[in-house]
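Working notes for the structure below.
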Amino acid sequence: MKITLVKKILADGSPCAKCRDVQEKLEVNGQLKFIDQTLIADVRDPQSSGMQIAQQFNVDRAPFFVVEREGQDAEVYTVYFKLAKEVLQPLIQQAEAS
2 MKITLVKKIL ADGSPCAKCR DVQEKLEVNG QLKFIDQTLI ADVRDPQSSG
52 MQIAQQFNVD RAPFFVVERE GQDAEVYTVY FKLAKEVLQP LIQQAEAS
C-alpha cells in the first residue's frame with residue numbers, strides 16, 4: 002500500500018491552514034510514518050506535482066490523500082478523519098499486533 006498526502010501552497014506562498022492542521026494531527030497521532038509521499042500543490046505553479054495529481058483525480062480541495070493498493074484502483078480521501086478510521090487505524094493495529 003502507498004499513501005500520498007497532497008498539501009496546498011496558497012497564492013501568497015503560505016501553506017493552507019487546514020493542511021497544517023492535518024499535518025499536526027498526523028504527527029501527534031503517530032500516523033505520519035504511514036505516509037509514503039508528500040506532494041505540494043502550489044497554486045502558483047499548475048505543473049507542480051500536487052496540482053497535477055489533483056487534476057488527475059479531479060480534486061479541488063486540500064489536503065487530500067491518495068491510497069494505492071496493489072491490484073486495485075487508487076482511492077482518494079478528502080477527509081482526514083475518514084482516512085484515519087478506514088486506512089490508518091487498521092495499519093496501526095496491525096503494527097501493534099506484530
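Here our numbering is used: the first residue of the sequence shown is 2, the next is one more, and so on.
The C-beta atom is built at its ideal place from N, Cα and C for all residues, glycine as well.
Which residues in the same chain have their Cβ closer than 8 Å to the Cβ of residue i, if we skip the five residues on either side of it in sequence?
i      : result
Met-52 : Ala-42, Asp-43, Val-44 and Asp-46
With DSSP as the reference, identify every bridge partner of residue i, one or two as the case may be.
i      : result
Val-7  : Leu-40 and Phe-65
Glu-76 : Val-68
Pro-16 : Ile-10
Rounded to whole angstroms, what's the CA-CA distance from residue i to residue j? Just pull it up for me.
i      : j      : result
Arg-70 : Lys-26 : 23 Å
Asn-30 : Val-23 : 11 Å
Leu-6  : Ala-98 : 25 Å
Below 7 Å CB to CB, which residues in the same chain sit around residue i once its five sequence neighbours on both sides are set aside?
i      : result
Ser-49 : Ile-41, Ala-42 and Asp-43
With a Cβ-Cβ cutoff of 8 Å, do residue i and residue j count as a contact?
i     : j      : result
Lys-9 : Cys-20 : yes
Would residue i pass as an interface residue toward chain C - the criterion being a Cβ-Cβ separation below 8 Å?
i      : result
Val-67 : In the structure shown, chain C does not exist; there is a single protein chain.
- Does the pairing of the segment 77 to 92 with the segment 57 to 64 give three or more beta-carbon distances under 8 Å? yes
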